[in-house]
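Report on the structure given below.
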Amino acid sequence: MTHLEPFGYKTAWLAVHDRSQAQVAEALGLTGGRNVSGGEAAEAFGEVGILPPVPGVDGRWTLAVSFQLADISPTRLTSLAALLDTRVQAFATHRVAEAHRWLAADRGRLQRHVEVVGESGELVAWTGEPTPTETGLGLPALEEITDEDARFQVVLDVNEGTVMAVARGWSIDPTTLSGEVPGHALLFDDVDEGPPPPEPMATRPRRWWWPWSPPTDR
1 MTHLEPFGYK
11 TAWLAVHDRS
21 QAQVAEALGL
31 TGGRNVSGGE
41 AAEAFGEVGI
51 LPPVPGVDGR
61 WTLAVSFQLA
71 DISPTRLTSL
81 AALLDTRVQA
91 FATHRVAEAH
101 RWLAADRGRL
111 QRHVEVVGES
121 GELVAWTGEP
131 TPTETGLGLP
141 ALEEITDEDA
151 RFQVVLDVNE
161 GTVMAVARGW
171 SIDPTTLSGE
181 VPGHALLFDD
191 VDEGPPPPEP
201 MATRPRRWWW
211 PWSPPTDR
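As numbered in full-length UniProt numbering, residues 1 to 218 make up the sequence shown, in order.
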């Protein structure tokens, strides 16, 4: 049994629907995991912690936790969803930079990607149709936001609590974890970032980066 410890602030995690720890680890290219407490898995920084499946929206979700997952690309997330043939979501928050993001992919199709940086006042990404969970939080019901004032309003409205609320509506809010679930939490020493893109892609320079990531234009 694993005793669950709440987490969510100042970290990042993936939520994978109806797949085992072993399946999630294999899809992430992780090997050599060891049994740890739920609290240690939830505090993974340079490693990846994978919790046993926990009950949430529409069934059970396997959560993979690591600061190193904060900058996972939409392409990488979509590839994981295709490989696992299920829904995969990503969430990240950083309190100092007010950097917050959430993404969702379903069986190889990116459905949603929202990313804001309050420190720079930047709406980095707003891709896909907003879900009822998001519009219920007061976010715009628009697939594209072109007006600069409207974009900045989204930045003002989004905070770390928004990320938890979206997670709660989509899968599970990890700040509410408690009690025990069958199985052992696992900790893996490496994060497989996936294969590099076939060709360098031109991107506009960012004025920020996730504080735990190298300052690259990705």
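A virtual CB, placed ideally from N, CA and C, is assigned to each residue, including glycine. Here the structure is a predicted model, which means the values were calculated and not measured.
Enclosing alpha helix (DSSP H) for residue i [first to last residue]
i	result
glycine 136	132 to 136
alanine 104	Not the alpha helix (DSSP H): alanine 104 falls in the beta strand (DSSP E), residues 99 to 106.
threonine 86	From DSSP, threonine 86 is part of no alpha helix (DSSP H); its letter is neither H nor E.
Straight-line Cα distance separating residue j from residue i
i	j	result
valine 57	serine 120	33 angstroms
alanine 15	glutamate 134	17 angstroms
proline 196	proline 132	In this prediction, proline 196 has a pLDDT of 46, which is less than 50 and means its spatial position is unreliable; what the coordinates show is noted afterwards. Cα to Cα, proline 196 sits roughly 34 angstroms from proline 132.
aspartate 85	aspartate 106	8 angstroms
phenylalanine 163	glycine 118	The question names phenylalanine, but residue 163 in the sequence shown is valine. Rounded to whole angstroms, valine 163 to glycine 118 spans 14 angstroms at the Cα level.
isoleucine 50	glycine 128	28 angstroms
serine 73	glutamate 180	32 angstroms
alanine 150	glycine 32	47 angstroms
leucine 187	serine 20	15 angstroms
tryptophan 61	leucine 142	28 angstroms
tyrosine 9	valine 88	20 angstroms
Residue closest to residue i, alpha-carbon to alpha-carbon, out of the options
i	options	result
alanine 185	Glu40, Glu144 and Leu103	Glu40
tyrosine 63	Pro174, Gly179, Asp189 and Asp190	Note on identity: in this sequence residue 63 is leucine, with tyrosine being the wrong assignment. For leucine 63, the nearest C-alpha among the options comes from Pro174.
alanine 92	Ala70, Gly183 and Leu80	Ala70
proline 95	Ala165, Thr2, Glu160 and Arg19	The sequence given here has arginine at residue 95, not proline. Comparing Cα-Cα distances from arginine 95 to each of Ala165, Thr2, Glu160 and Arg19, the minimum goes to Glu160.
arginine 76	Ala90, Glu148, Glu43 and Arg34	Ala90
Short Cβ contact (8 angstroms threshold) for residue i with residue j
i	j	result
residue 227	alanine 99	Outside the modelled stretch of the chain, which goes from 1 to 218, sits residue 227, for which no answer is possible.
alanine 97	valine 114	no
threonine 78	leucine 30	no
proline 52	threonine 11	no
alanine 167	leucine 137	no
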